[in-house]
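Step one of this worksheet: look at the structure below.
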Amino acid sequence: AVETPWTAPLPADAGAVRTAGFGADGEHWGAGHTGQDFAVPEGTDVLAVGSGVVVAVECGDAYGLSVVLRHDNGYHSQYAHLSAVTVEPGDRVGVGRRVGLSGNTGNSTGPHLHFEIRLTPHYGSAVDPVRWLRDHGVRLD
Numbered sequence: 001a002v003e004t005p006w007t008a009p010l011p012a013d014a015g016a017v018r019t020a021g022f023g024a025d026g027e028h029w030g031a032g033h034t035g036q037d038f039a040v041p042e043g044t045d046v047l048a049v050g051s052g053v054v055v056a057v058e059c060g061d062a063y064g065l066s067v068v069l070r071h072d073n074g075y076h077s078q079y080a081h082l083s084a085v086t087v088e089p090g091d092r093v094g095v096g097r098r099v100g101l102s103g104n105t106g107n108s109t110g111p112h113l114h115f116e117i118r119l120t121p122h123y124g125s126a127v128d129p130v131r132w133l134r135d136h137g138v139r140l141d
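Residue numbers (full-length UniProt numbering): 1 to 141.
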């Protein structure tokens, strides 16, 4: 079997529930929601959706504790509101590698993963991550 180069950001058995979607309006997002939220229990494994390099581990803004990866195809993924991080900047990670544990840090109303796909490493370049993963062979439903 050919290995799929992309996977979901959470284990299949995590019981993740999709909550706030990309572009959603709300008091928490000034210009629309920039990712997809998944409600999961705190401490759930968060997985790299593809192979790449850790370009940032950040803490303290609205995203709370977060990890940003640069993938081999040039896209970036961000995993936010984590309770713990299991990688460091510069680490090379494979598809499905645990990058952290879900949490409730930053601007968060309950334990969840905020997942983004970006064209660049910078805020403001996000695309719909559910559609992007679907276009790369990963279905989240």
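The C-beta atom is built at its ideal place from N, Cα and C for all residues, glycine as well. Bear in mind that the values here come from a model prediction, so they are computed numbers and not experimental data.
Spatial neighbours of residue 1 in its chain, beta-carbon cut-off 8 Å, leaving aside the 5 residues before and after
Here residue 1 scores only 47 on pLDDT, less than 50, and its place in the model should not be relied on; the value that follows carries that caveat. No residues qualify anywhere along the chain.
Collapsed DSSP secondary structure at residue 101 in the structure displayed
Of the three classes helix, strand and coil, the one that applies to residue 101 here is strand, per DSSP.
Looking only at its chain, what residues have a beta carbon closer than 7 Å to the beta carbon of residue 66, apart from the 5 residues adjacent to it on each side?
58, 78, 79, 80, 82, listed in sequence order.
Measuring straight from C-alpha to C-alpha, what distance separates residue 95 and residue 8?
C-alpha separation (whole angstroms): 9 Å.
Report yes if the C-beta distance between residue 35 and residue 126 is below 8 Å; otherwise report no.
Between residue 35 and residue 126, the gap from beta carbon to beta carbon is short of 8 Å.
How long is the line joining the alpha carbons of residue 113 and residue 75, rounded to whole angstroms?
Straight across, the Cα-Cα distance linking residue 113 with residue 75 is about 19 Å.
Roughly how many whole angstroms lie between the Cα atoms of residue 108 and residue 5?
C-alpha separation (whole angstroms): 30 Å.
Quick one, which of 135, 131, 87 has its alpha-carbon nearest residue 23's?
Considering only alpha carbons, the answer is 131.
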